[in-house]
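*Asks:* After the C-alpha cells below, expect a handful of questions from me.
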Amino acid sequence: MKILETLLVGLMRLPLIGPLVRSGVHAVHRLSVGAMKRVARDEVRPRNWSNAELRKFGPLFDGAIINVSGWRDEDKTGGHYRDYFPVAASYGISNYRGESGITGATGEVFIDLEANLSPELAGRYQVAFNHTTLEHVYDIRQAVANICALSHDTVILVTPFLQQVHYIEGSFGDWWRPTPMCIERLLEEQGFRVVYQSSNDNPWYIVYVFTIACRDPQRLRGRPESANTARDAGVIHFGLAGTE
0 MKILETLLVG
10 LMRLPLIGPL
20 VRSGVHAVHR
30 LSVGAMKRVA
40 RDEVRPRNWS
50 NAELRKFGPL
60 FDGAIINVSG
70 WRDEDKTGGH
80 YRDYFPVAAS
90 YGISNYRGES
100 GITGATGEVF
110 IDLEANLSPE
120 LAGRYQVAFN
130 HTTLEHVYDI
140 RQAVANICAL
150 SHDTVILVTP
160 FLQQVHYIEG
170 SFGDWWRPTP
180 MCIERLLEEQ
190 GFRVVYQSSN
200 DNPWYIVYVF
210 TIACRDPQRL
220 RGRPESANTA
230 RDAGVIHFGL
240 AGTE
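Here numbering that gives the first Met the number 0 is used: the first residue of the sequence shown is 0, the next is one more, and so on.
Pasting the structure below:
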C-alpha cells in the first residue's frame with residue numbers, strides 16, 4: 000500500500016497531469032462515500048446507526064420516558080422514537096420555541112435547556128433521551144444538567160463527534176462537537192456514571208457517539224456489550240487505526 004501511495008503522490012505532483020489526478024481522486028472518494036452509505040447503511044449513516052443502538056436498549060425501560068427537544072419524535076428513517084420503548088409506562092416530548100420547536104402536540108412540554116428546569120419536572124422520568132441537540136445549545140453544561148435533572152434513573156444521549164456545521168438562523172446555532180470523554184465528565188458532574196458508550200467511527204461519513212449513563216451503575220447489568228468503544232473515536236475516520 001505504501002508503494003501505491005507513493006506512486007499516487009508522485010502523479011499528483013506532476014505539473015501537467017497532477018491537477019487531473021487530484022480531481023480524479025476526489026471524484027473516486029465521493030463515489031466511494033456514496034456507495035458505502037448505501038451498502039453499509041446501518042454502520043455508516045449516523046442516524047441509522049444510532050437508531051439501531053437505541054433499539055437494543057429501549058425495551059429495558061418500563062417507566063416514564065421523555066424525548067428532550069424531540070420535535071415531532073421522528074427517527075428520520077420513517078418511524079418514531081416512541082416505538083423504541085415498547086413497555087414504557089408513558090412517553091412524552093419536550094421542545095423549545097423556533098423552527099423545529101414547539102409543535103402543539105398533546106402532552107408536549109416546553110423546556111428551555113439553558114434556563115433553570117421547572118421543579119415539577121425534576122426526577123419525573125425514568126429515562127431522559129436526547130438525540131443530537133446538545134451541539135446546538137451554547138450553554139452545554141446547563142443543558143446536560145437539565146436533561147439529567149429530568150431523570151431519576153437513566154440518561155441516553157446521542158451527540159455528533161465529526162459533522163459539518165449546521166444551524167437555522169433565528170432558531171439555533173451550532174457550537175459543539177463534544178468528545179466521548181467530555182460527555183462522560185459532564186454526566187459525572189450531575190451524578191451519573193456512563194455504563195455504555197459507542198461510536199460509528201468510520202472513514203466515510205459523519206461520526207456520532209451514543210452514550211447511556213445511570214445514577215446507579217448497576218442499573219443495566221447484563222446490558223449488550225459495546226462493539227466499539229467510543230474513547231478512541233476518530234482513529235478509523237482519520238486512518239490512524241493500527242498506527243503508533
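Idealized CB from N, CA, C, for every residue including glycine.
Measuring CA to CA, which of Ile65, Ser49, Phe56, Val86 is closest to Asp74?
*Replies:* The option with the nearest alpha carbon to Asp74 is Ser49.
*Asks:* For the candidate residues Gly190, Val234, Asn94, Arg46, whose alpha-carbon lies nearest to that of His151?
*Replies:* Per the Cα distances, Gly190.
*Asks:* What do you reckon, are the CB atoms on Arg156 and Leu120 nearer than 7 angstroms?
*Replies:* The sequence given here has Leu at residue 156, not Arg. No, they are not a contact pair.
*Asks:* If you draw a straight line from the C-alpha of Tyr195 to the C-alpha of Leu15, how long is it?
*Replies:* Computed Cα separation, rounded: 52 angstroms.
*Asks:* Which residue from Glu168, Gly33, Asn94 puts its Cα closest to that of His130?
*Replies:* Looking at the Cα atoms, Asn94 is the closest of the given residues.
*Asks:* In its own chain, which residues sit with a C-beta less than 7 angstroms from the C-beta of Val32, not counting the 5 before and 5 after it?
*Replies:* Cβ within range, chain order: Trp203, Tyr204.
*Asks:* Report all residues from its chain with a CB closer than 7 angstroms to the CB of Asn201; omit the five preceding and five following residues, and keep chain order.
*Replies:* If we look at Asn201 and ignore the five residues flanking it on each side, its Cβ neighbours are Glu42, Val43, Ile235, His236.
*Asks:* With a threshold of 16 other CB atoms inside 10 Å of the CB of Ile2, please say whether the residue is buried or exposed.
*Replies:* When all chains shown are included, Ile2 counts as exposed.
*Asks:* Please confirm if the stretch 16-36 is in contact with the stretch 50-70, defined as three or more CB-CB distances below 8 angstroms between the two stretches.
*Replies:* Judged by Cβ distances under 8 angstroms, the stretch 16-36 makes no contact with the stretch 50-70, as fewer than three pairs qualify.
*Asks:* Looking at the secondary structure, which residues open and close the beta strand (DSSP E) in which Asn201 lies?
*Replies:* No beta strand (DSSP E) contains Asn201, which DSSP labels as neither H nor E.
*Asks:* Since Phe209 is in the alpha helix (DSSP H), which residue starts that stretch and which ends it?
*Replies:* Unbroken run through Phe209 is the beta strand (DSSP E), 206-213; no alpha helix (DSSP H).
*Asks:* Going by CA-CA distance only, name the one from Gly78, Asn115, Thr153, Leu116 that's closest to Ala127.
*Replies:* Ranking Gly78, Asn115, Thr153, Leu116 by Cα distance to Ala127 puts Thr153 first.
*Asks:* Who are the Cβ neighbours of Ala88 in its own chain at under 7 angstroms, not counting the five residues just before and after it?
*Replies:* These residues qualify, in order along the chain: Asp61, Gly62, Ala63.
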